DNA sequence: AACACAAGTGGACAACACGTCCAGTTGTAC
DNA sequence: GTACAACTGGACGTGTTGTCCACTTGTGTT
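Residue numbers (the working numbering), protein chains in the order written: chain G, 532 to 718; chain X, 532 to 718.
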């Protein structure tokens, strides 16, 4: 993760920044967190932040990274139905369920990523795209390309937040709806 | 639309602001348009803008309003399959096709709305929600609430832009994918 | 036609966030 | 212990925001 030869003070500040940012994203509006906020809260200067992160979104992405990688590894090598082995429709439903779990646990961070560059331009989105695309192909869908983004759109943090906190839906209800979507797409 | 007793100069400035904003949204990055830009480009002061519009998003929403109302009226009272009469699955597909048309024609404006308050908090979203919900109910879906936002998520301007200009997909391909989605949801 | 009032207007203002720059400091290798 | 490179922190200039207030301009009345 960190460069091989990272100075001790740099590592210390990196940890401070990440801890402070995590706190800020959780306790205040994730879309309103600024670079200034993080710098002040972490007790470091602004240039120290900009050295590694171009914007707040990338800080949120860094915090999210390890959690997303766990899901990614379970997708590629884990047990079915999330991992390989189950029918595509079931794998897609399992993927949705895993993503709802991620959204429920780390919604502030995921909203924070969106506030920056936008989730469509983030590396992880390409991974999810490739996975869903492979499921569509395995399911016999002729033109999977346009369907990929359609299938991923409901996982936008904004949408999940709206469902949870405006509509008042439960994670279980959302998961059920997405399971129905999975079945509908890969009938 | 305008208050009954709107002063002549106010009406003139309203028109100037809307024309200038429309131009700006189309010719530059819709997410980078500022209140300053619009004010300067329209030749009015900043307070004149803030009198009627709290942010750039609401200006874009005002410009979009009449175009959206046309679709809304066709949904409620137009000919099938967009209007009443056709089976729910076909009506949903027709709705998707109409929205793709709207996105294709007015993408800059719709991205501009998103840059402001966000499309989920805009009045029109509630209308689309109610319409899709009624289609789901008519189609016999037991728990339509969570599916509504799922079904509308692929219509996010961000998603459409990504499909068109990053993936290089055509409006027809996107419409086809959404038609499949409609069939899958309301099988 | 002149008046009075309310509605409308424009620019100034302070606060804030951004991204960069540079001089000083602190680790690390020799 | 010394020298170098990496790292750091705060200051700086720019641009945007939202509000405030004095002025202007329409409109209805006498």
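Glycine included, each C-beta is placed from N, C-alpha and C at the ideal position. Here the structure is a predicted model, which is why all the values come from computation and not from measurement.
Secondary structure of residue 675 of chain G (DSSP, three-state): helix.
For residue 621 of chain X, the uninterrupted alpha helix (DSSP H) run begins and ends at 619–646, by DSSP. Residue 539 of chain G sits exposed, since fewer than 16 C-beta atoms from the chains shown fall within 10 Å of its C-beta. Under the Cβ distance rule, residue 676 of chain G counts among the residues neighbouring chain X, one pair being separated by less than 9 Å. Annotation for residue 584 of chain X: no alpha helix (DSSP H) segment contains it, and DSSP assigns it neither H nor E. The stretch 692–708 of chain G and the stretch 669–687 of chain X touch, with three or more beta-carbon pairs separated by less than 8 Å. At a C-beta separation below 8 Å, residue 651 of chain G has these neighbours in chain X: 689, 690, 693, 697. At a Cβ-Cβ threshold of 9 Å, residue 634 of chain G and residue 656 of chain G do not count as neighbours.
DSSP, reduced to helix, strand and coil, places residue 688 of chain X within a helical segment of the structure shown.
Under the three-state reduction of DSSP output, residue 702 of chain X falls in the helix class. Just so you know, the alpha carbons of residue 624 of chain G and residue 713 of chain G end up roughly 5 Å apart. The beta-bridge partner set that DSSP reports for residue 615 of chain X consists of X/617.
Taking 9 Å as the CB threshold, residue 680 of chain X lines the interface with chain G. In the DSSP assignment, residue 551 of chain X falls within the unbroken alpha helix (DSSP H) covering 539–558. With its beta carbon less than 9 Å from one in chain X, residue 715 of chain G belongs to the interface. For the pair residue 690 of chain X and residue 660 of chain G, the Cα-to-Cα distance works out to about 13 Å.
Taking the Cα positions, residue 662 of chain G is about 32 Å away from residue 647 of chain X.
Residue 619 of chain X places its beta carbon 9 Å or farther from that of residue 555 of chain X. Under the Cβ distance rule, residue 708 of chain G counts among the residues neighbouring chain X, one pair being separated by less than 9 Å.
A Cβ-Cβ separation of about 5 Å places residue 547 of chain G in contact with residue 573 of chain G under the 8 Å criterion. Contact annotation: residue 681 of chain X and residue 708 of chain G have beta-carbon atoms nearer than 9 Å. Between residue 638 of chain G and residue 626 of chain G the beta-carbon gap is near 18 Å, outside 8 Å, which marks them as no contact.
Contact check for residue 641 of chain G against residue 570 of chain G fails: the beta carbons are separated by 9 Å or more. DSSP places residue 697 of chain X in no alpha helix (DSSP H); its state is neither H nor E. The Cβ atoms of residue 716 of chain X and residue 715 of chain G sit closer than 9 Å to each other. For residue 711 of chain G, the C-beta contacts it makes with chain X under 7 Å involve 678, in order along the chain. Not a single CB atom of chain G sits nearer than 9 Å to the CB of residue 621 of chain X. Using a Cβ-Cβ cut-off of 8 Å, residue 578 of chain X is close to nothing in chain G; its nearest Cβ partner there is about 25 Å away.
By a beta-carbon distance limit of 8 Å, residue 595 of chain X does not contact residue 672 of chain X. Their separation comes to about 29 Å. Assignment of residue 562 of chain G by DSSP, reduced to helix, strand and coil, places it in the coil class. Your pair residue 650 of chain X and residue 688 of chain X checks out as a contact, with CB atoms roughly 7 Å apart and the cut at 8 Å. The three-state reading of DSSP puts residue 610 of chain X in coil, since its state is none of H, G, I, E or B. Per the C-alpha coordinates, the member of G/632, G/578, G/696 positioned closest to residue 567 of chain G is G/578.
At least one CB atom of chain X sits nearer than 9 Å to the CB of residue 685 of chain G.
With respect to chain G, the C-beta atom of residue 629 of chain X has no partner C-beta closer than 9 Å.
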